[in-house]
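A.B. asks: These protein sequence lines are chains A and B, in that order.
Anchor point for the first sequence: position 39 equals 39 in the numbering used here, and the numbering is continuous, going up by one each time.
For the numbering used here, count along the second sequence from 1 and bump the result up by 1000.
Heads up, the beta-carbon is just placed ideally off N, CA and C, and yes, glycines get one too.
Being a predicted model, the structure only gives us computed values, none of them experimental.
For reference, the structure I am asking about is given below.
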Amino acid sequence: MTLLSKTITTFGSLFLAHACYSAREHAALQSLRAATSASLTSSPTAASSLPIDIVIETIVSTFIILLGLVLGTRPLRPLEWRVWAGKIEREGEQGFTDNSGVVDKDYMGNPFAVLESRPNFVDIRKQRRQFAKWVQEGSGKQGQ
Amino acid sequence: MAPPTLLPASQLSPADALAVAQQAPAFLRSSPATVSSSPLNTLLYGSEKSELWLQYENLILTCLRTGDDTAAHAALRRVVSRFGDDNERVQALQGLVKEAEAQNDGELEKVLKEYNQILSVNDTNIPVAKRRIALLRSLGRVSEAASALVQLLDFSPTDSEAWSELSDIYLSQGLYSQAIYAIEEVLVLAPNAWNIHARLGELQFMAATAPGVANGSYQQYLAEAIKRFSRSVELCDDYLRGYYGLKLISKRLLADGSKPTKQGDGNEFVVPDTNTLERLNELATAKLAEIVRRSSTKERGWGGYSDTEIAAARELLAEDESPIKR
């Protein structure tokens, strides 16, 4: 997904740069022609506008860049509270990744879970005991 | 992967905690040893991130839990060198490390005395006050912890975490109505917390099924529980815990039969009629079955549930099915 969007954006930028270059060349050519024609004949030439192909190229390349950028945005978050909450519960951190599969930095699970885990009141000695027990059970299982 | 996540440390499973603790030395090496807040440094190295300190805090908690005291001390040193000894949160962290390393009750008493001393200088030091309450509870002096917590809530009544702790303390003492009152205070402060709604429903259910409950209040509790669980699934799609409770209670109320309930005087909850109960039960059963089915086939986007919760839901569903098979 990211590769696709980057490729499209690069192509769009190339086209845009090409359109700019063409416009510049066209302007240079016009001024040269005006100078030469002014020296030959004194008839004033109509102020020429850009050729239609350069205009179209500019507009199309702008839209291609836009398409690439839009494709590259991360998935949108749900707006409704219950949908968002359901996404947290159902998908866990898998639901909050960007396009390359890295979990968002600001993902913190259920923001109200701290009201039940209460980190400021943590009973650290109990947690230590439980962890030691878990380690013992784990090593016991591995030993079998 | 950045080792210590921003997730609160106590929410990690033992395996995750071990993984975080094992990466602690690497994390400590990769992040700068001292962070100064001088403007020159900010210009040269970019501004410091507040997440970094949250990560340090979680790292200390996780390392203490897994018994990696050296890493915890290293992280604590950095926090102290940045914020100083007299920062309230740092004081609480230092106390936490001491608590974790205490070998016997005598050393714990010493830590408790230090807390008391800090609080005698500044009795609005909330982090240390919370540590003191947690230590009292850990030492088994629950009533002292409860009264200290009530005192804390007296001058800081918007602290939802403290209300939640109070509810837990009351619950451990079997004081259901007080526990329910405290968790209702949490809901006042965080009305959209779907897990707290489910928790309140669980408390109501526990209160209803406690021995020696009068029939009137039994129905009252169950009626309120069913409303709380309904609210929790309203706030959160596919909330396993909410649907589990909804099914449990609607089944129970259906099994009790439709006893005539006295009409409440307006502000009391009334048990819904049998028809509504049956529909609630059907809805919860269907949702639970869907969650169990999709989660156990490891369908994409259904991996957020813990295995124990899924197993419990499966058991509840199996209970339901067995009479039909016979």
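Apply the 10 Å Cβ neighbour rule to Val1128/B and answer buried if 16 or more other Cβ atoms are within range, or exposed otherwise.
C.D. replies: Per the 10 Å Cβ criterion, buried.
A.B. asks: Starting from Leu115/A, find everything on chain B with Cβ-Cβ shorter than 7 Å and list it in chain order.
C.D. replies: Result: Ser1160, Glu1161, Ser1164, Val1186, Ala1190, Ala1193, Ile1196.
A.B. asks: Counting only C-beta atoms, is Ser1138/B closer than 8 Å to chain A at any point?
C.D. replies: Chain A, which has a Cβ nearer than 8 Å to the Cβ of Ser1138/B, makes this yes.
A.B. asks: Strictly by DSSP, which residues pair up with Thr97/A?
C.D. replies: Thr97/A is bridged to Val103/A.
A.B. asks: Consult DSSP for Asn1192/B and reduce its assignment to one of helix, strand or coil.
C.D. replies: Coil, per DSSP.
A.B. asks: I need the DSSP call for Phe112/A, collapsed to helix, strand or coil.
C.D. replies: Phe112/A: coil per DSSP, three-state reduction.
A.B. asks: Between the C-alpha atoms of Lys1130/B and Ala1024/B, what's the straight-line distance to the nearest angstrom?
C.D. replies: Each residue's Cα considered, the two are about 26 Å apart.
A.B. asks: Assuming Leu1317/B contacts Leu1288/B under a Cβ cut-off of 8 Å, what Cβ separation, rounded to an integer in Å, is found between them?
C.D. replies: The Cβ separation is near 6 Å, so the contact holds.
A.B. asks: So, are the CB atoms of Arg160/A and Trp84/A less than 8 Å apart?
C.D. replies: The structure shown does not extend to residue 160/A, since chain A is modelled only from 1 to 144, so the question has no answer here.
A.B. asks: From Thr2/A to Leu71/A, what distance separates their C-alpha atoms?
C.D. replies: The straight-line gap from Cα to Cα measures roughly 8 Å.
A.B. asks: Strictly below 7 Å CB to CB, what residues from chain B border Arg82/A?
C.D. replies: Residues of chain B passing the Cβ test: Glu1234, Leu1235, Cys1236, Asp1237.
A.B. asks: Taking contact to mean 3 or more Cβ pairs, one atom from each stretch, closer than 8 Å, check whether the segment 1299-1307 of chain B and the segment 87-96 of chain A are in contact.
C.D. replies: Yes, they touch.
A.B. asks: Using 10 angstroms around the beta-carbon of Ser1230/B, count the other beta-carbons present and answer buried if the total reaches 16, otherwise exposed.
C.D. replies: Ser1230/B comes out buried.
A.B. asks: Whole angstroms is fine: what's the gap from Thr1070/B's alpha carbon to Asp1105/B's?
C.D. replies: Spanning the two alpha carbons is a distance of roughly 22 Å.
A.B. asks: Glu1185/B and Trp1163/B - do their beta-carbons sit closer together than 8 Å?
C.D. replies: Yes, the pair counts as a contact, with Cβ atoms nearer than the cut-off.
A.B. asks: Could you tell me which chain B residues have their CB closer than 8 Å to the CB of Asp123/A, listed as they occur along the chain?
C.D. replies: The answer, in chain order, is Ala1134, Arg1137, Ser1138.
A.B. asks: Can you find a CB in chain B that lies within less than 8 Å of the CB of Pro44/A?
C.D. replies: Confidence is the limiting factor: at Pro44/A the pLDDT is only 48, short of 50, which leaves the residue's position unreliable, though a coordinate-based value still follows. It does not; no Cβ of chain B falls within 8 Å.
A.B. asks: Does DSSP put Thr2/A in a helix, a strand or coil?
C.D. replies: It is helical.
A.B. asks: How about Leu1171/B and Leu1135/B: are their beta carbons less than 8 Å apart?
C.D. replies: Taking 8 Å as the Cβ cut-off, Leu1171/B and Leu1135/B do not qualify as a contacting pair.
A.B. asks: Identify the contact partners of Pro164/A in chain B, using a Cβ-Cβ distance below 7 Å as the criterion.
C.D. replies: Any property of residue 164/A remains undetermined from this structure, which presents chain A solely from 1 to 144.
A.B. asks: Check Ala1102/B in the structure and name its three-state DSSP category.
C.D. replies: In this structure, Ala1102/B counts as coil in the three-state DSSP scheme.
A.B. asks: Which residue's Cα is closest to the Cα of Val122/A: Val1150/B, Leu1061/B, Ser1167/B?
C.D. replies: Considering only alpha carbons, the answer is Leu1061/B.
A.B. asks: Could you tell me the distance, in whole angstroms, from the CA atom of Gln136/A to the CA atom of Ile1133/B?
C.D. replies: Gln136/A and Ile1133/B: Cα-Cα distance of roughly 30 Å.
A.B. asks: Going straight from the alpha carbon of Glu1315/B to that of Leu1277/B, what length do you get?
C.D. replies: Taking the straight line from one Cα to the other gives about 21 Å.
A.B. asks: If you draw a straight line from the C-alpha of Leu1054/B to the C-alpha of Asp98/A, how long is it?
C.D. replies: Using only the alpha carbons, I get a separation of about 23 Å.
A.B. asks: Where does Trp1302/B fall in DSSP's three states?
C.D. replies: Coil at Trp1302/B, not helix or strand.
A.B. asks: Taking 8 Å as the threshold (beta carbon to beta carbon), is Thr1308/B in contact with chain A?
C.D. replies: Not closer than 8 Å to any Cβ of chain A, the Cβ of Thr1308/B fails to qualify, so no.
A.B. asks: Could you tell me if Gln1103/B is buried or exposed, where buried requires 16 or more neighbouring beta carbons within 10 angstroms of its beta carbon?
C.D. replies: Exposed, since its Cβ has fewer than 16 Cβ neighbours within 10 Å.
A.B. asks: Near Leu16/A, what residues of its chain come up, given a Cβ to Cβ distance below 6 Å and the 5 sequence neighbours on each side ignored?
C.D. replies: Within the same chain, Leu16/A has close Cβ partners Ser61.
A.B. asks: Can you list the residues of chain B that Phe96/A reaches, using a CB-CB cut of under 9 Å?
C.D. replies: Near Phe96/A there are no residues of chain B at all, since even the closest Cβ is about 10 Å away, more than 9 Å.
A.B. asks: Under a CB-based cut-off of 8 Å, is Arg128/A close to chain E?
C.D. replies: The chain labelled as chain E is not found among the protein chains of the depicted structure, namely A and B.
A.B. asks: If you run the structure through DSSP and keep just helix, strand and coil, what is Ser1156/B?
C.D. replies: In the structure shown, Ser1156/B sits in coil (DSSP, three-state: anything other than H, G, I, E or B).
A.B. asks: Around the C-beta of Ser1038/B, are 16 or more other C-beta atoms found within 10 angstroms, so that it is buried, or is it exposed?
C.D. replies: Result: exposed.
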